Every structure is written in C-alpha cells, then in structure tokens.
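Taken in order, these protein sequences are the chains called A and B.
Position 66, counted from 1, in the first sequence is what my numbering calls 66; the numbers after and before it change by one each time, with no gaps.
Position 340, counted from 1, in the second sequence is what my numbering calls 709; the numbers after and before it change by one each time, with no gaps.
We put the CB at the ideal spot given by N, CA and C, even for glycine.
Keep in mind it's a predicted model, so treat the numbers as computed, not measured.
There are 2 protein chains.
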Amino acid sequence: MTRVLIRHKIWGETVELTERKRQILRSVVDSYIQTAEPVGSKAIADELGLSSATIRNEMADLENMGLIEKPHTSAGRIPSPKGYRLYVDELMRDYRLSVEETEKMNSALSEKMNELDKVIDQAGKIVSKLTLLPSYSLSTVRAPRVAVKRFEVIFVDSQSFILVVMTTLEQVKNKLIKVPFPISAAQMPVLSDVLNTHFTGLTMGEITQDIIQSAVLSSGAAGALIALVLEFVSEVLSTQAHGQYHLAGEGNILNHPEYQDPGKARELLTYLNEAGTDALAMPEDGSKVKILIGPENIAEELKDTSVIMASYNIGDGMQGVIGVVGPTRMDYAKVAARLSYFAEGLNRMFGGPQTPPALESPKKEDKDL
Amino acid sequence: MTRVLIRHKIWGETVELTERKRQILRSVVDSYIQTAEPVGSKAIADELGLSSATIRNEMADLENMGLIEKPHTSAGRIPSPKGYRLYVDELMRDYRLSVEETEKMNSALSEKMNELDKVIDQAGKIVSKLTLLPSYSLSTVRAPRVAVKRFEVIFVDSQSFILVVMTTLEQVKNKLIKVPFPISAAQMPVLSDVLNTHFTGLTMGEITQDIIQSAVLSSGAAGALIALVLEFVSEVLSTQAHGQYHLAGEGNILNHPEYQDPGKARELLTYLNEAGTDALAMPEDGSKVKILIGPENIAEELKDTSVIMASYNIGDGMQGVIGVVGPTRMDYAKVAARLSYFAEGLNRMFGGPQTPPALESPKKEDKDL
DNA sequence: GGTTAGCACTCGCGGGTTTTGAGTGCTAAA
DNA sequence: TTTAGCACTCAAAACCCGCGAGTGCTAACC
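Here it is, written out as structure tokens:
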C-alpha cells in the first residue's frame with residue numbers, strides 16, 4: 001500500500017501531506033479557532049481514534065514543515081501563519097449561512113439612514129476625534145407630528161422618476177423611483193398636483209383609505225403611481241419621527257489608564273451600545289452643558305464614569321444631544337469647552353436657537369436633500 | 370486676623386473652605402487629572418511653598434469633609450466625586466480654546482459627507498455588528514472623471530430654490546440655495562436650460578472662464594445665479610472624486626482574548642485609524658474575497674492580525690472594499706462567508722457588476738438624493 | 001514498516017511569601 | 001500655626017516553588 005501524498009502550494013513552496021496529516025492539521029486549526037487554547041495530542045487522538053503518541057509523531061512532522069508551532073516547550077500546538085494559509089486554501093469547510101443570517105443581512109442592507117441621522121452620526125465622530133473619548137449623539141423629539149409639506153416630481157425616463165419630498169421638519173428627501181410600466185413626462189405635473197392637494201399636511205396616520213381613493217381617481221393614468229409614492233412617504237415620515245442614537249470612537253476608551261482592564265472597558269462599551277439611549281438624554285433644565293460625575297449617573301454601569309453633554313436645536317420640535325463618556329478623572333474644563341463650542345456650531349448650522357418661522361429661513365442647509 | 374471661609378453648595382449640603390483649602394483641592398484635582406496618579410503631600414507642598422506636614426494636616430480636613438479620599442492607607446489622595454463636583458462648579462479655570470482648535474472644529478462642521486460615504490460608512494457598521502470584529506470600508510476610484518449629467522431646478526420661494534444635480538456616477542445630490550436677491554419662478558426653466566446646455570458632461574477642470582461667461586450671457590436675469598450653482602457643483606464633484614475610508618466597531622476588538630492586553634488593542638486601533646487606508650486596499654486580482662493572514666500583511670503593525678476583505682462594484686469607475694480585521698485565530702470560513710454574501714448584496718444594491726449603460730438602469734436607489 | 005505504551009523531562013501558570021518604598025499620622029520642637 | 005522627625009502601613013513588584021499538561025524518545029508490539 002503506497003501512501004498517497006497530496007500536494008499543496010503555499011507561498012511558492014510546495015508541501016506534501018498524507019490525508020491523515022491533513023486531517024490532523026484541520027483538527028488543530030478548527031479546535032484552536034474555537035477554543036483559543038493550544039491543542040494537545042490527546043484531544044486530537046480522541047477525535048481521530050488514534051493514540052496520542054501517533055499524533056505526536058505526526059505533529060512533529062507538521063511542525064518541521066512549519067505548519068504548526070508551539071508557544072513553548074510543553075504546550076499544545078497552534079497553527080502557524082503558513083498553516084492557516086494551507087487551511088484557508090485547502091482544508092476549510094464551506095460555512096453555510098443560516099437563513100436567519102441571510103435575512104438579517106438582507107434587511108440590514110435595505111435599511112437606510114435618514115438625513116438627520118447622518119449628520120448626527122458624523123458629529124459624533126468628530127467630537128470623538130476632538131476629545132479622544134468615546135462620544136455619543138442622539139436626537140430627541142419634542143413634537144412628534146411630522147408631515148409632508150411639499151412634493152416635487154422630476155421625470156427621468158420612461159421607466160423612472162425622482163420624487164422629492166419636503167417634510168415639516170424642513171428636511172428634503174428624495175428617491176429615484178422605478179416604475180414597472182412606461183410613464184410619460186406629461187404625467188408628472190398631474191401627479192405632483194394630486195400629491196400636493198391630497199397629501200400635504202397629513203401625518204401618516206391621517207392618510208385614510210378614502211383619501212387615497214379620491215387621489216387615485218383624480219389623477220387618471222398616473223393613479224398607479226400613488227402607491228409607490230406613499231410607500232416612500234411612509235418610510236420617510238416614520239424614520240423622522242423617533243430619535244436616533246449613535247456611538248463613535250469607542251476605541252478611544254483604551255487611551256485612559258482607568259480602562260486598562262479590558263473587562264471594564266468592554267463592560268462600559270456594551271452598556272453604551274445597548275442601553276445608552278435611555279441613560280444619556282439631556283435633562284430639560286435649560287442649561288447648555290451638563291456634567292454628570294460618576295455616581296451622579298443613575299445607571300449602575302456608569303458609577304465611575306463621567307458624562308459631559310451639550311444640547312443644540314435641530315428643526316422644529318427636535319433637540320440634539322451630543323456628549324462624551326470618560327473616566328471621572330477627565331479634563332472637565334477642556335472637554336466641556338470643546339463640546340460646548342461644537343454644540344454651538346451645530347446649533348448655528350441647523351439655523352439658530354429660535355423656533356424658526358415655517359417657510360422663511362432655510363435653517364439647515366440640507367444639501368443631499 | 371479672622372480666617373475667611375468660603376461657602377460652597379454640593380448636592381444640598383454646604384461646605385465651608387478657607388482659600389488655602391480651595392487651592393489645595395484645586396491642585397489635587399488638577400494634578401490627578403494630568404497624571405492619573407494619587408497625589409501626595411510632597412508634590413503639593415512644593416507647588417504651594419509650604420511643608421508637606423502642613424499640607425497633610427489640611428488634606429486630613431478635606432478628607433473628613435469627603436472631598437478627597439485615598440485608595441489605600443499609604444497612598445496619595447484622589448478627588449472623590451463630591452470633590453470633582455466642587456471643582457467643576459467652583460474651582461475649575463475656564464479652558465481657553467486655541468485658534469487651531471476652533472478652526473479645526475469649524476472646518477469639521479462645514480465638512481460634509483457625500484452620499485456614497487454614508488452608504489459605505491453604514492455598510493461598515495453593519496458588517497462589524499455581524500462579525501463581531503472591527504470593520505473598515507473604503508471606496509477607491511478607478512476612473513476619476515466625474516461630471517454632472519443633468520441639472521434640475523425647483524423654485525421654493527422668492528429667496529431660495531433647490532438645485533438637484535445628477536452626476537455621471539449616478540449619484541443625485543441637492544441643495545437648498547438661498548439667494549441674496551429676489552427671484553421668480555419664471556427664471557427657473559431658463560436657469561435649468563442654461564445649466565444643462567453649458568455644463569453637463571464637463572469635469573470641474575474643463576469648465577473654463579469662457580464657458581461660464583457665455584452661460585451667464587445666455588441666461589439673462591438668472592445669470593447671477595450661475596456662480597452660486599457652480600460653487601455647489603464644484604463641491605459635489607471634488608468630494609466624489611477621491612476615495613473614502615471608514616472604521617467601525619472598533620470596540621469589538623476587545624471581544625477577542627488575543628487583545629486582552631489593552632496596549633496591543635490600542636496599537637492596532639490607532640494604526641487602523643491613521644494608516645489603514647493604504648494598507649487595506651484590495652489588490653486587483655479579480656477575486657471577490659481576499660484573505661491576508663498575519664505576516665502576509667505588509668504593515669508591521671498587522672503582523673499578527675488577519676484581514677478579510679471583499680470587493681464590490683459601485684458606479685462607473687468606482688470600486689468599494691469592505692473588510693474586517695481580527696486575530697489570526699479567526700473563524701475564516703464563517704467570516705468570509707458573511708462578508709462575501711454582504712458584498713454581493715452591496716453589489717446588487719449598486720446595480721450589479723456590469724458597467725451599467727448610461728441612462729438605463731437606476732442602479733443604486735439613491736434615496737436622499 | 002507503522003503503531004502504541006511507558007517514562008523522563010520541560011516549563012508556564014497559579015499561589016504564596018518577601019521586599020521595597022511612597023506616603024501617611026502623630027508628636028514634639030520652633 | 002508651622003515644621004522636622006519618626007514609626008507605621010500597605011499596594012505593588014520581585015521572588016520562589018510545586019503542579020501538571022504536554023512533550024520527545026525508546027522499546028515493545030502488531
């Protein structure tokens with residue numbers, strides 16, 4: 001019985017392995033990936049039904065070939081980079097995505113951030129960079145009545161048009177809508193007209209079947225487009241209505257000696273990720289900058305962490321909060337100064353602190369409308 | 370000489386301090402904020418020109434009032450939360466922002482993310498959540514010729530209008546433009562016409578003074594608007610032309626035992642933040658998913674880190690890369706599967722792998738245009 | 001030949017003990 | 001009221017040591 005050797009190429013060189021050596025290598029890598037512990041001959045022996053001595057011999061060979069190595073004399077083996085390479089190229093079993101996984105990814109893909117989100121998110125990133133601390137930012141709603149103020153329709157080609165929607169929060173959103181049947185440029189004014197007369201000033205809940213009915217009737221050939229439009233409108237209005245929460249610069253926490261213990265750091269980060277939105281809102285006491293020191297935080301997890309936050313005005317009925325989280329030993333003066341300056345900037349950017357008269361000022365610039 | 374006591378309110382109670390005690394407390398906090406080390410009587414004695422014994426006496430008092438505490442019997446003092454509170458409310462010196470700081474913040478505020486950025490950034494976040502690893506995402510340009518394909522102008526009121534711009538990369542951007550003088554709805558078609566005949570198909574560099582001149586001439590009263598429009602166009606085209614880089618989920622690195630040493634973790638993170646964009650680009654070898662194991666990375670900092678990345682097609686001439694970074698011991702099969710599935714999704718979302726015929730397909734949905 | 005049992009050896013890890021030194025509180029003198 | 005002096009405390013660092021998982025080698029076995 002002549003031993004069958006299987007040939008592999010790694011980084012130029014070629015190595016030849018018996019099927020058994022392949023199995024052993026695979027086991028070593030698999031197990032190490034799982035447990036993060038060096039794997040000894042015993043474990044593999046059990047798995048393959050051979051004695052540990054045999055495995056040791058084989059492993060010695062694999063080690064000579066540079067595929068595995070031991071961290072120190074008397075420990076199990078771990079894969080070397082070369083071993084990983086061979087594993088990835090030849091040994092690795094295809095991982096089958098579960099349905100849940102694919103579904104999660106699909107829905108994540110189709111989920112979109114709204115405009116406000118993006119600004120807020122971006123602001124958080126900047127603050128984090130500026131303060132070298134993890135930052136969070138959130139928007140809270142004070143008057144949740146959001147409606148469309150104005151529709152515009154732009155003809156693109158026979159299969160698509162652009163819908164532009166201005167909300168009562170002064171945001172402008174748009175979408176390139178593809179239509180499953182041919183349309184003509186002439187239908188656009190009609191559609192725009194119908195939309196503006198029937199659907200402006202209404203929140204999503206106030207749009208009844210009756211209203212839709214009569215809108216469809218009065219728009220003739222363009223009636224079929226109404227459903228498409230409303231779908232988008234619903235999306236826009238609902239994502240507008242509730243506050244958003246973002247974290248940024250989490251890694252910065254590691255810059256501070258009080259979080260040398262990675263357990264501590266992780267604990268804080270996971271707390272921020274999961275529950276942050278509740279604990280970090282700005283109390284409504286008029287002040288611009290708020291400092292919460294250690295135990296002044298309600299949340300147990302923040303007991304030895306300080307939070308500095310500043311608020312700013314977004315459009316009508318919305319308020320933004322941006323803040324940082326750090327050790328109680330933190331340069332309060334410096335951080336507070338930066339944060340407050342930045343919040344002022346945001347305030348200005350969104351159009352000043354006054355509740356702005358409806359149509360007059362363009363408040364936020366709303367590029368990318 | 371009667372000692373002057375200064376009264377402070379903290380959390381309801383009031384405490385009275387001599388000026389000297391205030392100075393000492395301030396010194397303790399300042400120094401502790403700087404060094405993160407408990408501060409001893411000696412240091413303060415030097416600073417205030419008194420003997421350490423005197424300071425010790427004073428500190429004992431401060432400790433009794435609950436303003437400072439010692440981590441253990443024979444260590445220096447650190448501020449208690451109460452001490453911090455008093456410091457923040459009364460002792461803290463205003464921090465003066467330097468010009469550089471304010472400038473940095475101002476420019477950060479005015480810097481806007483373009484649409485592509487946001488999608489890419491968002492994708493990174495999702496992947497990071499999915500793989501429990503830090504992720505990065507970047508876009509690289511293959512054909513840097515970007516121009517405007519089409520202009521649309523929407524009248525808002527006598528002082529503002531919305532400009533919608535579609536680029537050759539199939540992105541739709543818009544901006545609410547405020548005009549310093551009254552305009553009329555009638556000017557809009559003229560403006561749109563002039564823009565479309567004079568400026569479509571041209572990169573920013575190709576727009577000469579001559580072209581602008583003739584455009585202004587042929588647009589009559591609306592001519593003054595041209596400059597405003599071009600400013601926006603220039604902004605859009607320039608931010609479109611170069612690749613973007615984003616990191617997300619940095620905190621996830623802490624979930625892996627090989628980064629228990631927070632020094633290691635920090636090193637990796639700072640490297641990723643600073644230099645990532647160079648080291649993590651996708652090589653152009655046609656494959657969809659690329660795995661780099663430990664030393665296969667060129668960068669010294671990544672020598673015991675593996676990178677898995679997948680590429681996808683964005684609009685004409687642009688390619689996106691999304692990847693994760695983790696310990697060499699990583700579940701290659703699982704991560705690669707998820708990443709590649711996700712990249713496919715992105716690919717589809719942007720309109721498939723083919724270089725899409727100019728006007729036909731709407732490729733990316735480009736909501737928020 | 002390949003496989004296995006047996007055995008001596010290695011060396012990292014966890015635990016306890018010792019040493020060190022910064023910083024304290026107290027007392028007595030200035 | 002301030003200061004010098006001194007005995008005391010205690011966390012952190014250095015050191016030591018025994019356990020045991022895992023090894024390599026050899027000799028017997030199939």
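For residue i, which residues from the same chain have a beta carbon less than 7 Å from its beta carbon, with the 5 sequence-adjacent residues on both sides left out?
| i | result |
| --- | --- |
| A:Ser218 | Val194 |
| B:Asp486 | Gln613 |
| B:Ile595 | Ile581, Ala584, Val585, Ser588 |
| A:Ser234 | Met204 |
| B:Ala444 | Pro407 |
| B:Asn621 | Ser497, Leu501, Leu502, Pro503 |
In chain order, what residues of the same chain have a beta carbon less than 8 Å from the beta carbon of residue i, not counting five sequence neighbours either side?
| i | result |
| --- | --- |
| A:Ala281 | Leu138, Thr140, Val321 |
| B:Thr572 | Arg514, Val515, Ala516, Leu606 |
| B:Asn565 | Arg519, Phe520 |
| B:Met370 | Annotation note: pLDDT 46 at B:Met370 (below 50); position unreliable, coordinate value reported separately. None. |
| B:Val373 | Thr387, Glu388 |
| A:Lys21 | Glu58, Asp61, Leu62 |
| B:Pro551 | Ser527, Gln528 |
Between the C-alpha atoms of residue i and residue j, what's the straight-line distance to the nearest angstrom?
| i | j | result |
| --- | --- | --- |
| B:Ile613 | B:Ile424 | A small fix is needed here, since residue 613 of chain B is Gln in this sequence, not Ile. If I take the Cα positions, the gap works out to 55 Å. |
| B:Ile590 | B:Gln556 | Note on residue identity: the sequence assigns Ala, not Ile, to residue 590 of chain B. Between B:Ala590 and B:Gln556, the C-alpha separation is close to 8 Å. |
| A:Gly377 | A:Leu247 | One cannot answer for residue 377 of chain A here, as it falls past the ends of chain A, which runs 1 to 369. |
| B:Lys657 | B:Val676 | 14 Å |
| B:Phe711 | A:Glu100 | 14 Å |
| A:Pro295 | A:Leu302 | 7 Å |
| B:Asp399 | B:Ser420 | 20 Å |
| B:Leu708 | B:Met678 | 7 Å |
| B:Ser681 | A:Gly40 | For clarity, residue 681 of chain B is Tyr in the given sequence; the question names Ser instead. Cα to Cα, the separation comes out at about 41 Å. |
| B:Gln578 | B:Gly684 | 30 Å |
| B:Asp526 | A:Gln171 | 16 Å |
| B:Ile447 | B:Val397 | 7 Å |
| A:Ala333 | B:Ala593 | 47 Å |
Quick check on this structure: which residue in the options has the alpha carbon closest to the alpha carbon of residue i?
| i | options | result |
| --- | --- | --- |
| B:Tyr628 | A:Lys125, A:Ala36, A:Val15 | A:Ala36 |
| B:Gly381 | B:Gly409, B:Gln403, B:Lys451 | B:Lys451 |
| B:Lys378 | B:Leu436, B:Met474, B:Leu545, B:Ile523 | B:Leu436 |
| B:Pro558 | B:Ile523, B:Asn621, B:Met699 | B:Ile523 |
| B:Ile662 | A:Ile78, A:Arg77, A:Tyr84, A:Gly76 | A:Tyr84 |
| B:Thr442 | B:Met718, B:Pro407, B:Ala422 | B:Pro407 |
| B:Asn624 | A:Gln171, A:Ile207, A:Thr270, A:Ile314 | A:Thr270 |
| B:Ser479 | A:Gln122, A:Leu268, A:Lys178 | A:Gln122 |
| A:Asp331 | B:Glu575, B:Val457, B:Asp415 | B:Val457 |
| B:Glu669 | B:Arg698, B:Lys659, B:Glu636 | B:Glu636 |
| B:Glu600 | B:Ala644, B:Ile546, B:Thr646 | B:Ile546 |
| B:Asn433 | B:Glu385, B:Ala593, B:Leu560, B:Gly695 | B:Glu385 |
| B:Glu472 | A:Ile183, A:Leu130, A:Asn57 | A:Leu130 |
| A:Glu69 | A:Thr328, A:Tyr32, A:Pro327, A:Leu5 | A:Tyr32 |
Could you work out which residues of chain B lie near residue i, taking near to mean beta carbons separated by less than 9 Å?
| i | result |
| --- | --- |
| A:Ala337 | Asp463, Tyr464, Arg465, Leu466, Glu470 |
| A:Tyr326 | Residue identity check: residue 326 of chain A is Gly in the sequence provided, not Tyr. Under the 9 Å cutoff, chain B gives no residues; its nearest Cβ is about 11 Å from A:Gly326. |
Counting only Cβ pairs nearer than 8 Å, list the residues of chain A close to residue i.
| i | result |
| --- | --- |
| B:Asn475 | Gly345 |
| B:Glu619 | Gly249, Glu250, Gly251 |
| B:Ala554 | By Cβ distance, chain A contributes nothing, its closest Cβ being about 13 Å from B:Ala554, past 8 Å. |
| B:Pro664 | Pro81 |
| B:Val541 | Ile162, Asn174, Leu176 |
For a contact defined as C-beta to C-beta under 9 Å, what are the partners of residue i on chain A?
| i | result |
| --- | --- |
| B:Leu499 | Glu101, Lys104, Met105, Ala108 |
| B:Met718 | Leu109, Ser110 |
Give me the chain B residues within the contact set of residue i, using Cβ-Cβ distance strictly less than 8 Å, ordered along the chain.
| i | result |
| --- | --- |
| A:Met282 | Within 8 Å Cβ-Cβ: nothing; A:Met282 doesn't reach chain B, min ~17 Å. |
| A:Ala333 | Met461, Arg462, Asp463, Tyr464 |
What does a CB cutoff of less than 6 Å around residue i pick up in its chain, not counting 5 residues either side in sequence?
| i | result |
| --- | --- |
| B:Lys542 | Val534, Val605 |
| A:Ser135 | Gly124, Val127, Ser128, Ala248, Gly249, Val324 |
| B:Leu466 | none |
| B:Leu460 | Arg395 |
In chain B, which residues lie with their C-beta within 7 Å of the C-beta of residue i?
| i | result |
| --- | --- |
| A:Ile291 | Val457 |
| A:Met188 | In chain order: nothing, as chain B lies at least about 12 Å away. |
> Which parts of the stretch 77 to 150 of chain A are runs of the beta strand (DSSP E), unbroken and 3 residues or longer, counting only runs that do not cross its ends?
Replying inline: Runs of the beta strand (DSSP E) lying entirely within the stretch 77 to 150 of chain A, each at least 3 residues long, are 135 to 141 in chain order.
> Which full runs of the beta strand (DSSP E) of 3+ residues lie inside the stretch 222 to 309 of chain A, going along the chain?
Replying inline: Annotation note: the stretch 222 to 309 of chain A contains the following uninterrupted beta strand (DSSP E) runs of length 3 or greater, listed N- to C-terminal: 245 to 248, 289 to 292.
>> So within the stretch 410 to 435 of chain B, which uninterrupted alpha helix (DSSP H) runs reach at least 4 residues, ignoring any that extend past its ends?
In response: Within the stretch 410 to 435 of chain B, the complete alpha helix (DSSP H) runs of at least 4 residues are 410 to 417, 421 to 433.
> If you scan the stretch 682 to 706 of chain B from start to end, which runs of the alpha helix (DSSP H) of 4 or more residues do you find wholly inside it?
Replying inline: You should have found no qualifying run.
> Taking only runs of the alpha helix (DSSP H) that begin and end inside the stretch 527 to 573 of chain B, which ones reach a length of at least 4 residues, in chain order?
Replying inline: The stretch 527 to 573 of chain B contains, as complete alpha helix (DSSP H) runs of 4+ residues, the segments 556 to 568 (chain order).
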